[in-house]
Amino acid sequence: MTSIPFYKRPYGGERQDIPFAKLASFENSQDLISDDAPDAAFFRGLESQGLLLNRAQIQAVRHTQGPLLTLAGAGSGKTSVLVSRTGYLIAAQRVDPASILLVTFSSKAAAEMKERIMALPGLRANETAKVTARTFHSFFLYLLRTRGYKQEILSNSRHQQFIMKRILREMGLQDSYEAETLLSLWSAYRMSLTGLDDLSVKTPAEVEQRQIFARYEAWKEDHGQMDFDDILVLSYRLLSNDPGLLASLQRRYRYVMVDEFQDTGLLPYELLKKIVAPHRNLMVVGDDDQTIYGFNGARNEFILEFDQTFPGAKVVTLDINYRSLSSIVGLGNEMIRVNERRRPKQLRSTRKSSGVPLYLRPGDPDQEAELLLTHITAQVQEHGKPYRDHAILYRTANNSRAIFEQLVMREIPFIHYENGDLFYEQWIVKPLMDHLRLSLDRRNFTAMEGMLHTLYINRDKGMAFIRQQDAPRPKKGPLSHLLTFPGLKDFQIENIRTRSKLIKGLKAMEPLQAVQEMRRQFYDKFLEADERQEMTLHKEFIQEGLDELEASAKRFSEISEFVEFVDRLIIVHKEMAAMKRDEHADAVRLMTIHKSKGLEFPSVCLIGASEGILPHTSALDAERRDDQRPLSGKEDKALDALEEERRLAYVAITRARDELIISSPGFYRGRKAEVSRFFRDVFLTDEQSKQGNSIPGKVGGSMARPSFTAKRTISIEASAKHSSLSPSARPALASAAGHRNQSSRSVSASSSLSQTASVATEIVDVWLCTSTNCKGWQRVSPPTSADIRNQENKSCPLCQSPMKRGQKEVPVHQRRPNS
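Each residue of the sequence shown is one higher than the one before, counting from 1 in full-length UniProt numbering.
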């Protein structure tokens, strides 16, 4: 039997009262609009369909002239307001339906709104059919088509990545960049109205990236293609250069409504402002507390400054949450009010709580996965709840590794809503897995190809040479053919010898030791040396992925078991594609918080609610850098980053209708992790709050464990069946379970934890490139005979220029045993 220690307040929280949202009254249009009101017939029609609007919703619906900002709190019925206002304009104000433009961010939402508008009472189908309800891209694509733009739409993301990979290969940079990362970076530039001519070209990497983007744009032009970003970019250019076309749009669309306004970026917003400039009849619906797409260009200030951009704008706040229990709404209220850059609002609830959010303090992510899945299994088997009622949310893809593996091992049906590769196939992790595969079979050419770039050898040319040399005289270790590869420097030849020796030796190591040894000998230095990765991906995400790989590897005693287990997970991940298409599949939903926005579930488990995960280390690192600046030099970036992280936590908890579980692992990436400040701060006492005893820069208040009366213990039988797995996979899974249980016992969930470790730096000895146009560098390894021989002729792995000894400030690496 396994006991799950759920608590009513987070570990370390001393405030005894639990926040509940105020209950909203049930007054609605039936009470607020008399039968003799001029527009009573319209509202009576809505009521006949069960649409009973509250006071704020009625205000938004009745506003017909001038700009309107509708602040729609979580679960506050914003879609009903948009649909009802559209009907009100047509039925009560006699507005021409053809003059209404309703813009959304998804085609599914647009179709749903159009369907609901057509079903409104008192409206004829031929009238409502004239309403334009489209996504931004659909609307402006239609505009481009009417003006003779005939390019095909490059809509398949994998096709885009294929094109970018081909460009990188042609430039000899296929081992230097990830295509997906570059495409995201270029998209962010363009959505911020930054073109090729506006890009910085101060460093070689910046020049290189500009050339890549230029080639991508040239390829599209040569092949008559445009991507989704082009639709908005070309439309903006078209409306800026064609006053007549703009004027015709302005005359046609006199009433413009925008859904999910908090997700709007600069370019879409500028397009909207052009269209509504003469009449200013713009209604935007959104929630600044749910602005979580900063990486895609969404800007919180568009809502905060709306009535400055549009002077005289009316602001209506939808503050009644119809979705969640009052305890869940209350927690959200208390958490988000800490943010400084927001419009004040306090949501009320229509659902009196029969329970409260529950908190869990597992030892680490693996124990977290065990406990939560044991709870979900009990809910299904003992209480008859379907799997599909349960959603597990997490901050980043790396945080899903442990829960994904447990779901597979327990044979629990689930859908993993990730578009990218499985954790073990991501570009940061895959080269190390390929080294492990090579240690088991040195003639594994697929694995060899996956790790070749870590030797600073072109992947395509290197593999072609290996295959050519190996065909007439096969070797047990074909990698050694590279010793005769033309044009290699002495240090590269030595690298090949050293790497071949390492690969042979890995097989005798435990997986954790093997991963640590690869990182120590070459991989961390390989990743650090390339400034290209610094520009396209935050270093902390790289470190996070590698540390998570170590956490996974430590559960196995044999490399063969670890690799076998990973291969099984890769197969399951590929099988997920079919299940994703079935919205009604009875399966647990597993997704990032970003993916969950706009959705709701009866039960939500938020995992990784610890410092360094949520808020993410990247935000904490920005905060640390700001703390080190003089007051006059402080920037707003740290505050922006931390407040967006808090909004992420807010979005996560407001997805829950009936049950909310918040789990805060005590250890993460081998280090102690404090409970997330976002939850712990809600339960600070007044005295702690006055003393500023939150987490940043100081240890919080007393870390006393919550009283026993706060504890809710659930005892259930834990099971992990492997019957449907292949016989070859079972030993690996059994080994994982054994190591996992041992790890769980060694880490007490009730350990007293210190504050989370911030990202520290140290000065280390390095090799520095002497070229003024290159920033390449490498750590200095413990001296070997080869190092001594090559000190005078060491070449930069990036540009081949001579290198010299020096020093550099770098993040402190986690201390590892046996390193």
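All residues carry an ideal CB built from backbone N, CA and C; glycine is no exception.
Annotated three-state conformation of Ala179 is helix, per DSSP. The beta-carbon separation of Val682 and Pro19, rounded to 7 Å, stays under the 8 Å limit for a contact. Counting other Cβ atoms within 10 Å of its Cβ, Asp287 reaches 16 or more and is therefore classed as buried.
Leu331 counts as buried, since no fewer than 16 other beta carbons sit within 10 angstroms of its beta carbon. Counting other Cβ atoms within 10 Å of its Cβ, Phe678 reaches 16 or more and is therefore classed as buried. Only buried fits Asn54, as 16 or more other CB atoms lie within 10 angstroms of its CB. Annotation: the segment 533-599 contains the following complete segments of the alpha helix (DSSP H) (minimum length 4 residues), in chain order: 539-553, 559-580, 593-596. Beta-bridge partners assigned by DSSP to Ala391: Arg589, Val604.
Per the C-alpha coordinates, the member of Ala619, Ser327, Phe306 positioned closest to Arg342 is Phe306. Assigned with DSSP and collapsed to three states, Ile613 falls in coil, not helix or strand.
Cβ-Cβ distances below 6 Å link Ala110 to Thr104, Ala133, Arg134, Thr135 in the same chain, with the five nearest sequence neighbours on each side left out; the list follows chain order.
Contact between Pro357 and Leu371 fails: their C-beta atoms lie close to 16 Å from each other, not under 8 Å. The continuous alpha helix (DSSP H) containing Phe43 extends over residues 40-48.
Under DSSP, Asn321 shares a beta bridge with Ser349. Straight across, the Cα-Cα distance linking Pro243 with Arg237 is about 11 Å. In the three-state scheme derived from DSSP, where H, G and I count as helix and E and B as strand, Lys8 is classed as coil.
The C-alpha of Ala214 is placed about 13 Å away from the C-alpha of Ser200. Under the criterion of beta carbons closer than 8 Å, Gln59 and Val285 do not qualify as touching, at roughly 13 Å. When C-alpha distances from Ser480 are compared across Asp460, Leu452, Leu506, the shortest belongs to Leu452. DSSP, reduced to helix, strand and coil, places Val766 within a strand of the structure shown. With contacts defined by Cβ atoms closer than 8 Å, Glu127 and Gly224 do not form a contacting pair.
Residue environment analysis places Met579 among the exposed positions, since fewer than 16 neighbouring C-beta atoms fall within 10 angstroms of its C-beta. By DSSP's assignment, His416 forms a beta bridge with Leu590. With respect to Arg589, Ile415 sits close: the two C-beta atoms are nearer than 8 Å.
Ranked by how close their Cα comes to the Cα of Leu527, the residues Ser176, Leu182, Phe6, Phe140 have Ser176 in first place.
Of all C-beta pairs linking the segment 289-306 to the segment 83-90, fewer than three are shorter than 8 Å, placing the two stretches out of contact. The beta carbon of Ala673 lies closer than 8 Å to those of Ser610, Glu611, Gly612, Ile613, Ser664, Pro665, Gly666, Phe667, Leu753, Thr756 in the same chain, with the five residues before and after it left out. Following the DSSP letters along the chain, one finds Trp219 inside the alpha helix (DSSP H) bounded by residues 204-222. Taking C-alpha positions only, Ile542 is separated from Gln93 by approximately 57 Å. Residues Lys430, Pro431, Asp434 of the same chain have their beta carbon placed closer than 7 Å to that of Gly450, with the five preceding and five following residues left out of the count. If you ignore the 5 residues before and after Thr770, its C-beta comes within less than 7 Å of the C-beta of Ser801, Pro802, Met803, Lys804, all in its own chain and listed in chain order. In terms of Cα proximity to Thr592, the closest of Leu569, Glu550, Ala652 is Ala652. For Leu527, DSSP records no beta bridge to any residue. By the neighbour-count criterion, in which a residue is buried when 16 or more other Cβ atoms sit within 10 angstroms of its Cβ, Lys114 is buried. Taking 8 Å as the cut-off, the Cβ atoms of Met171 and Tyr216 do not count as close. A direct Cα-to-Cα measurement between Ala619 and Asp460 gives close to 38 Å.
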